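A quick write-up on the structure given underneath.
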Amino acid sequence: RSSDLFAAPPEQDVLWDVKMDAIPGVLRWQARLWSVVTKFIEARSAGMEPNPQTLSVKEKNEAKTIWQNKNRTISLVTSHFTDDYLLNAAISRLMGLSNVLAQASPRLVLHSTEFEDALAALCIMTAPMIPHLTSELWMGIAHVEYKLCTHYNWHTDVLHQTWPVVDPEYLQQPEIDRKS
């Protein structure tokens, strides 16, 4: 399903002999999602309780970058789902957010509310296109003992979560910061 949606918008025909490059790219993305969630689960299961106050200034700036990427992605993916129906563009934006999360430092994965929130939002927005994978990922995240985000219903499947919304504080920033 995700390879089909990434190859072209649903209303367009796909020339599979030309567009076969979509399949390996989507498989790499799915492996990256699995890897990011695994990194989160391992960090939070190591017995150390997360504490955002222990982050350095550099790490807090990295967390702010994740927060900005999360909000930009929510805004664009929501628009692609509701306005122009460009699901291939939505997948591309989700790939971008997963790349940002994959580059996060181990301390950020452990101690950052922004990382946890972006990871949960990524799973929720990916769920309509890859429900089987995101349900497994969500279950793994939900079983982590120490969670910093309390606004998710962790004991309910990802397909029953509320769609993420852009933080009002993000909307107050100058327009140049929000452009993709």
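In the numbering used here, each number is its position in the sequence shown, counted from 1, plus 145. Quick reminder that beta carbons are idealized off the backbone N, C-alpha and C, glycines included. Quick caveat: nothing in here was measured; it's all calculated off a predicted structure.
Check                                                                                                                                                   : Outcome
Who are the Cβ neighbours of Ala266 in its own chain at under 7 Å, not counting the five residues just before and after it?                             : Lys215, Ile219 and Pro309
Give me the residue from Val254, Arg189 and Arg217 with the minimum Cα distance to Ala287.                                                              : Arg189
Using the rule of at least 16 other Cβ atoms within 10 Å of the residue's Cβ for burial, across every protein chain shown, is Pro319 buried or exposed? : exposed
According to DSSP, is Ser190 helix, strand or coil?                                                                                                     : coil
Could you tell me which of Glu194, Ala208, Leu316 and Ser243 sits nearest to Met270, measuring between CA atoms?                                        : Ser243
Output the distance between the C-alpha atoms of Trp212 and Asn233, rounded to the nearest integer angstrom.                                            : 23 Å
Would you call the stretch 292-301 and the stretch 244-251 touching, i.e. three or more CB-CB distances under 8 Å?                                      : no
What is the C-beta distance between Phe260 and Ala208, in whole angstroms, given that I count them as a contact (C-beta under 8 Å)?                     : 7 Å
Once you ignore the five residues that flank Val311 on each side, which residues in its own chain have a CB closer than 6 Å to its CB?                  : Asn216, Ile219 and Ser220
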